[in-house]
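The sequence shown begins at 184 in my numbering and counts up by one.
Ideal Cβ positions, reconstructed from N, Cα and C, are used throughout, including at glycine.
These notes are about the structure you will find just below.
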Amino acid sequence: MPAMVMSNAGPGGAKKFEGRITIYVVICGIIAATGGLMFGYDIGISGGVTSMDDFLEEFFPVVYERKHKAKEDNYCKFDNQNLQLFTSSLYLAALVASFVASKICTKHGRRLTMQAASVFFLVGVILNAAAVNIAMLIIGRILLGVGVGFANQAVPLFLSEIAPVHIRGALNILFQLDVTIGIFVANIVNYLVSNIHPWGWRLALGLAGVPATMLCLGSMVIAETPTSLIEREMLMEGLAMLKKIRGTDNVDAEYEEILHACEMARQVKQPFKNLMKRSSRPQLVIAIVMQVFQQFTGINAIMFYAPVLFQTIGFKNDASLLSAVITGIVNVLSTVVSVVLVDKVGRRFLLLEACGQMLITQVAIGGILLVNLKATNDLGHGVAVWVVVLVCLFVSSFAWSWGPLGWLIPSETFPLATRTAGYAFAVSSNMLFTFVIAQAFLSMMCHLRAGIFFFFGAWIVVMGLFVIFLLPETKNVPIDEMIEKVWKQHWFWKRFMDEEEDKKHSV
Ligand code: BGC
184 MPAMVMSNAG PGGAKKFEGR ITIYVVICGI IAATGGLMFG YDIGISGGVT SMDDFLEEFF
244 PVVYERKHKA KEDNYCKFDN QNLQLFTSSL YLAALVASFV ASKICTKHGR RLTMQAASVF
304 FLVGVILNAA AVNIAMLIIG RILLGVGVGF ANQAVPLFLS EIAPVHIRGA LNILFQLDVT
364 IGIFVANIVN YLVSNIHPWG WRLALGLAGV PATMLCLGSM VIAETPTSLI EREMLMEGLA
424 MLKKIRGTDN VDAEYEEILH ACEMARQVKQ PFKNLMKRSS RPQLVIAIVM QVFQQFTGIN
484 AIMFYAPVLF QTIGFKNDAS LLSAVITGIV NVLSTVVSVV LVDKVGRRFL LLEACGQMLI
544 TQVAIGGILL VNLKATNDLG HGVAVWVVVL VCLFVSSFAW SWGPLGWLIP SETFPLATRT
604 AGYAFAVSSN MLFTFVIAQA FLSMMCHLRA GIFFFFGAWI VVMGLFVIFL LPETKNVPID
664 EMIEKVWKQH WFWKRFMDEE EDKKHSV
């Protein structure tokens, strides 16, 4: 289906980018997105593993004892810093790794960064599955984290750069779709292996090797992005690749634009320093804030700890793992909604709708727990089922909004000169706040009790206001025209785009 992409470009006047959605671009997208499977599998697996008795007995005997004491406080039975460190160490490692990855991405390309990601990840998997002490577990998690940091840096950028503008949102969301599939598969694995004693948890951790192997093999066959090739002065290869992924020889306009972006980027010797300039502030703020807000929706309280959470409200082991499977499938299906809608209704609409839906469900869950769940009772089956339904409604709205758009918007908003550096801030902010939630949620639940859901609710109000006033729409804007068409037009952010002012304020 040939498509002529029209864009009323900035200073250069109207531009036409010609290009089809080629099979080649779709295949490259699908393969690269498997990086999301690794990330998702990790998110989903740790909650299940940390609720398995064999695992707890071997590595966290204190938690095991406490969990089985009938009188232990509902909200506190899993509150253990070491146990949380098992989940969260991965994200700390990913945080640091994303900065290293940003340099590798610029110097050696998106593809090599993905390959490196899969290798780190595979070594981490081996250590984890073979762990005989906490050190092996944690070091394994750290290596997984490095893999995730590398993949999360390279994959969304790769997808945004190869995509024709009118399906950039949809193609980029393949990453998030794979994240949700990874989580879902992990939920099923948790459910299936929980009755394999005593080594089911080893199988659960070891199967993370499957997506990593897929990315490792896949990244050998996919293309490098034209932008990355041109950026590294491989002009002919870049042009040839652009023709190949667009399925036409008529790519001059797009090629010129990438070339121009690369020339600008080349003048910037220190991307990180450049990022601190006044004129980079809008993109930087948006990239960081999108990720911080994404985590403060409270999604990972559910993704990591759904089995634990469902046990807290009184489900038995199997039922709680099964409920996590249900939320997992809702997550996947709702992400498909986003793939279909994001380039049609736009980013802002999805984010705002979701804020409303998430707020209502968080407050409802908080209210139900406040009234019904005391320190040592169970919720009662009927009420517990309602909580699962509300969790599903919450997850669905996250899945078509803040989940995918938290990654999409930062990947499409920076000019090439600061793209990988800026995106590294986005990835690391995500990891930092994922770490905070992973490390703190079980303790917060122990102290705030049902109030934890009102805490997240309050954040959702803040993020809704942010979208209304400060988030510009980026739907259908070519990636290298964001400055002219988005930032210089925005009522608030345009004041940062004045080059003279920039010089005055630069250090
Ligand atoms: C977030 C993860 C989250 C996942 C849920 C991702 O976009 O970054 O933290 O667990 O979505 O699907």
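A contact is defined here as three or more CB-CB pairs under 8 Å, and the segment 603-615 meets this definition with respect to the segment 459-467. Straight-line spacing of the CA atoms in P409 and G332 works out to 23 Å.
Taken from the Cβ of M486, at least one heavy atom of the ligand BGC lies inside 7 Å. Distances from the alpha-carbon of S411 to those of C399, Y438, T510 and M319 put Y438 closest.
Ranked by how close their Cα comes to the Cα of G586, the residues D526, A641 and N483 have N483 in first place. Proximity to N311 across G365, A391, A353 and I366 peaks at A391, based on C-alpha coordinates. Remark: the shortest separation between the CB of T363 and any heavy atom of the ligand BGC falls under 7 Å. For D361, the enclosing alpha helix (DSSP H) covers residues R351 to V376.
Ranked by Cα distance from D236, the first of K499, V546 and Q478 is K499. In summary, N265 is exposed, with fewer than 16 beta-carbon neighbours lying within 10 Å of its beta-carbon over all protein chains present. Non-local C-beta neighbours of G539 in its own chain, meaning closer than 6 Å and more than five positions away in sequence, are absent. In this structure, the straight-line span from the alpha carbon of G352 to that of A215 is close to 15 Å. In the DSSP annotation of this structure, K499 is not part of any alpha helix (DSSP H), being labelled neither H nor E. In this structure, K658 places its C-beta atom within 8 Å of the C-beta atom of D526. Closest in C-alpha terms to V279, from the list F618, V660, G640 and I635, comes F618.
DSSP places F675 in the coil class of the three-state scheme, outside both helix and strand. Taking F675 as the centre and dropping the five residues before and after it, the same chain places the C-beta of F652 and L653 closer than 8 Å to its C-beta, in chain order. A direct Cα-Cα distance of roughly 11 Å separates L631 from F639. With the rule of 3 Cβ pairs closer than 8 Å, the segment 328-348 counts as touching the segment 293-312.
With a cutoff of 8 Å on beta-carbon distance, D435 and K426 are scored as not near each other. When the five nearest sequence neighbours on each side are left out, the beta carbons in the same chain lying within less than 7 Å of the beta carbon of S229 are those of F269, T270 and F487, in order along the chain. When the beta-carbon positions are compared, L533 and E414 stay at least 8 Å from each other.
Separation of L360 and V308 (C-alpha to C-alpha, rounded to the nearest whole angstrom) is 22 Å.
When the five nearest sequence neighbours on each side are left out, the beta carbons in the same chain lying within less than 7 Å of the beta carbon of V669 are those of P655, T657 and V660, in order along the chain.
M419 and L442 have their C-alpha atoms spaced approximately 12 Å apart. Taking the CA atoms as reference points, F616 sits about 16 Å from D225. In the DSSP annotation of this structure, I405 is not part of any alpha helix (DSSP H), being labelled neither H nor E.
DSSP, reduced to helix, strand and coil, places A314 outside both helices and strands of the structure shown, so it counts as coil.
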